[in-house]
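Engineer: My questions will all concern the structure given below.
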Amino acid sequence: MTELEEALKERVKELTCLYEVTSYISNDKESTKKTLTAIAFSIKKALKDETNTQVLIRINKTKIITINSIVNLKETYKTPITIFNKKNGSIHIFTENNIILEEEKDLLKDIASKISNYIERIEDRKREKEIKRKMEQADRLVILGEITAGIAHELNTPLTNILGFSELLLDEFKNNKNVSEDINKIINNAIFSREIVKKLMFFSCEMPQKMRKINIVPTIKNAIDFLNPIFKKQQIKHIILIDKTEIYLNADSVQLTQIIFNLLMNAVYFSPQEGLVTISVHDEEKNVILKIADEGKGIPINIQRKIFQPFFTTKPIGEGSGLGLSVVHGIVSSHKGNITIENNSEKGVTFVISLPKNNK
Numbered sequence: 001m002t003e004l005e006e007a008l009k010e011r012v013k014e015l016t017c018l019y020e021v022t023s024y025i026s027n028d029k030e031s032t033k034k035t036l037t038a039i040a041f042s043i044k045k046a047l048k049d050e051t052n053t054q055v056l057i058r059i060n061k062t063k064i065i066t067i068n069s070i071v072n073l074k075e076t077y078k079t080p081i082t083i084f085n086k087k088n089g090s091i092h093i094f095t096e097n098n099i100i101l102e103e104e105k106d107l108l109k110d111i112a113s114k115i116s117n118y119i120e121r122i123e124d125r126k127r128e129k130e131i132k133r134k135m136e137q138a139d140r141l142v143i144l145g146e147i148t149a150g151i152a153h154e155l156n157t158p159l160t161n162i163l164g165f166s167e168l169l170l171d172e173f174k175n176n177k178n179v180s181e182d183i184n185k186i187i188n189n190a191i192f193s194r195e196i197v198k199k200l201m202f203f204s205c206e207m208p209q210k211m212r213k214i215n216i217v218p219t220i221k222n223a224i225d226f227l228n229p230i231f232k233k234q235q236i237k238h239i240i241l242i243d244k245t246e247i248y249l250n251a252d253s254v255q256l257t258q259i260i261f262n263l264l265m266n267a268v269y270f271s272p273q274e275g276l277v278t279i280s281v282h283d284e285e286k287n288v289i290l291k292i293a294d295e296g297k298g299i300p301i302n303i304q305r306k307i308f309q310p311f312f313t314t315k316p317i318g319e320g321s322g323l324g325l326s327v328v329h330g331i332v333s334s335h336k337g338n339i340t341i342e343n344n345s346e347k348g349v350t351f352v353i354s355l356p357k358n359n360k
């Protein structure tokens, strides 16, 4: 074979490689690793000393290589892969004789540019999907907020009447112990319902936060006491572990109560009979840590990623709105805190809330 024929053969191999790389990228359905593997082997075929050459492509944490070991080979050439103006990868060529043609270097630079454009397109598609998802969630929250605001306003008037007339009856029957006790139950439940209306108004953004420095210990204990009948009905035990009798935090007491309610109701729902729910509060130097642990089945990792999304629920239809944990997440965020999920080593899950003492 003449020198001209040899050179022509190499150029044909390079053009074939470029065609293959372009085809792999244009036909890709976001199977990045598979596409990069095909590109690596296509590059290997295009190089002159194909038999004694190996190719390595690195992009972020992804590594593609055309052979398991390159111990006896020398790194002959490397060209960077730039993604959004940052060097996030490279193409490496390993050979025995440490020789690479100038035309092959140009080919590798061209392929690196195509890979850069390919990865950028994938990242753009991911961003578009995420933006679309957030916009859809925002639309649903706006609708829900309007509905919730309407419900809250409709309930406010009858609750005010119930409280007013109950207090009049209490004054009239103050000498009748049995009747007075029953009326007090009506008043207490009406007050409790009014607090729920306040929470609905908070969710619909019609009720401003009332942040002030409070001792959160009685707030937490009162919230738990309200749920004692539910613990008994479901035959679930609970323990409270609190470091001190006084733990001060800049917080909205109504919203803090709502956090406790929602997390405990969740823990009760997923706990087995005779299960144990543990509520612990730790006072640290800069943060207050609240933990609520149950003995249920735990939460798979793929579900954990979605669990704070509005309307997401694993409960059967009619048993969960998918808003409880979303509201908790919103309240924690508004207090400049964070909430995480930990699967317990034996069984169940722990919700961990960290609230900064100084969140102004």
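Numbered per the UniProt record's numbering, the sequence shown spans residues 1 to 360.
All C-beta atoms, glycine included, are put in the ideal place defined by N, C-alpha and C.
Please read all numbers here as calculations on a predicted model, not as lab measurements.
Run through the DSSP bridge pairs and tell me what glutamine 54 is partnered with.
Structural biologist: Phe94
Engineer: So, is tyrosine 118 buried or exposed, given that buried needs 16 or more other C-beta atoms within 10 angstroms?
Structural biologist: buried
Engineer: By the three-class DSSP mapping on this structure, what secondary structure does asparagine 222 have?
Structural biologist: helix
Engineer: As a quick exercise: from Arg194, Ser193 and Glu167, pick the residue whose alpha carbon is nearest that of aspartate 182.
Structural biologist: Glu167
Engineer: In terms of residue numbering, what span does the beta strand (DSSP E) encompassing asparagine 338 cover?
Structural biologist: 338-343 is the span of the beta strand (DSSP E), which, as asked, contains asparagine 338.
Engineer: Do you know offhand how far threonine 35's Cα is from arginine 212's?
Structural biologist: In a straight line, the C-alpha of threonine 35 is about 56 Å away from that of arginine 212.
Engineer: Closer than 8 Å by C-beta to serine 180: which residues in its own chain qualify, once you throw out the five before and the five after it? Chain order, please.
Structural biologist: Leu170, Phe173 and Lys174
Engineer: At a cut-off of 6 Å, is leucine 163 close to the ligand NAP when judged by its beta-carbon and the heavy atoms of the ligand?
Structural biologist: In the structure shown, the ligand NAP is absent, as is every other ligand, since no ligand is present at all.
Engineer: Could you tell me whether the region 255-268 touches the region 282-300, using the rule of 3 or more Cβ pairs below 8 Å?
Structural biologist: yes
Engineer: Less than 8 Å between C-beta atoms, sequence neighbours within five positions excluded: which residues of the same chain meet that for phenylalanine 261?
Structural biologist: Ala223, Phe226 and Leu227
Engineer: What do you reckon, are the CB atoms on asparagine 60 and asparagine 88 nearer than 7 Å?
Structural biologist: yes
Engineer: Once DSSP output is grouped into helix, strand and coil, what is the label at threonine 257?
Structural biologist: Reduced to three states, the DSSP call for threonine 257 is helix.
Engineer: Cα separation between glutamate 195 and isoleucine 259?
Structural biologist: Roughly 13 Å between the two C-alpha positions.
Engineer: From what residue to what residue does the alpha helix (DSSP H) around serine 333 run?
Structural biologist: 324-334
Engineer: Looking at the secondary structure, which residues open and close the alpha helix (DSSP H) in which phenylalanine 41 lies?
Structural biologist: 32-46
Engineer: Could you check how far apart the C-beta atoms of phenylalanine 308 and serine 326 are, in whole angstroms? I think they sit under 8 Å.
Structural biologist: 6 Å
Engineer: By Cβ distance, which residues of its chain are closer than 6 Å to lysine 347, with the 5 residues on each side in sequence left out?
Structural biologist: Glu295
Engineer: Could you spell out where the beta strand (DSSP E) holding asparagine 85 opens and where it closes?
Structural biologist: Careful: asparagine 85 lies outside any beta strand (DSSP E) and carries neither H nor E.
Engineer: Please identify the residue among Ile57, Glu14 and Asp28 whose C-alpha is closest to the C-alpha of leucine 101.
Structural biologist: Glu14
Engineer: Which residue from Val55, Ile239 and Ser271 puts its Cα closest to that of isoleucine 111?
Structural biologist: Looking at the Cα atoms, Val55 is the closest of the given residues.
Engineer: Around the Cβ of phenylalanine 94, are there at least 16 other Cβ atoms within 10 angstroms (buried) or fewer (exposed)?
Structural biologist: buried
Engineer: Under 7 Å between the Cβ atoms of tyrosine 24 and isoleucine 43?
Structural biologist: no
Engineer: Helix, strand or coil, according to DSSP, for glutamate 6 in the structure here?
Structural biologist: helix
Engineer: Our contact map puts asparagine 98 next to lysine 78 with C-beta atoms below 8 Å; I'd like the distance itself, whole angstroms only.
Structural biologist: Not really, about 13 Å apart at Cβ, beyond 8 Å.
Engineer: Answer with buried or exposed for glycine 164, where buried requires no fewer than 16 other C-beta atoms within 10 angstroms of its C-beta.
Structural biologist: exposed
Engineer: Express the C-alpha separation of aspartate 124 and glutamate 20 in angstroms, rounding to a whole number.
Structural biologist: 23 Å
Engineer: Between which residues of its own chain and cysteine 17 is the CB-CB distance below 8 Å, once the five residues before and five after are set aside?
Structural biologist: Ser42, Ile43, Lys45, Ala46, Leu107 and Ile111
Engineer: Can you find the residues in the same chain that come closer than 6 Å, C-beta to C-beta, to isoleucine 186, ignoring five residues on each side of it along the sequence?
Structural biologist: Ser166
Engineer: Classify glutamine 209: buried if its beta carbon has 16 or more other beta carbons within 10 angstroms, exposed otherwise.
Structural biologist: Exposed: under 16 other Cβ atoms inside 10 Å.
Engineer: Buried or exposed for isoleucine 239, please, with buried defined as at least 16 other CB atoms from any protein chain shown within 10 angstroms of its CB.
Structural biologist: exposed
Engineer: Between residue 386 and arginine 58, what straight-line distance do the alpha-carbon atoms span, to the nearest angstrom?
Structural biologist: Lying outside 1 to 360, the shown extent of the chain, residue 386 is not represented and no answer is given.
Engineer: Would you mind working out which of Gln234, Lys233 and Val217 sits nearest threonine 245, comparing C-alpha positions?
Structural biologist: Val217
Engineer: Please report the residue range of the beta strand (DSSP E) in which phenylalanine 351 lies.
Structural biologist: 349-356 is the span of the beta strand (DSSP E), which, as asked, contains phenylalanine 351.
Engineer: Assuming lysine 221 contacts valine 288 (C-beta within less than 8 Å), just tell me the rounded distance between them.
Structural biologist: Contact between lysine 221 and valine 288 fails: their C-beta atoms lie close to 15 Å from each other, not under 8 Å.
Engineer: With a Cβ-Cβ cutoff of 7 Å, do glycine 275 and isoleucine 236 count as a contact?
Structural biologist: A contact, by the Cβ cut-off of 7 Å.
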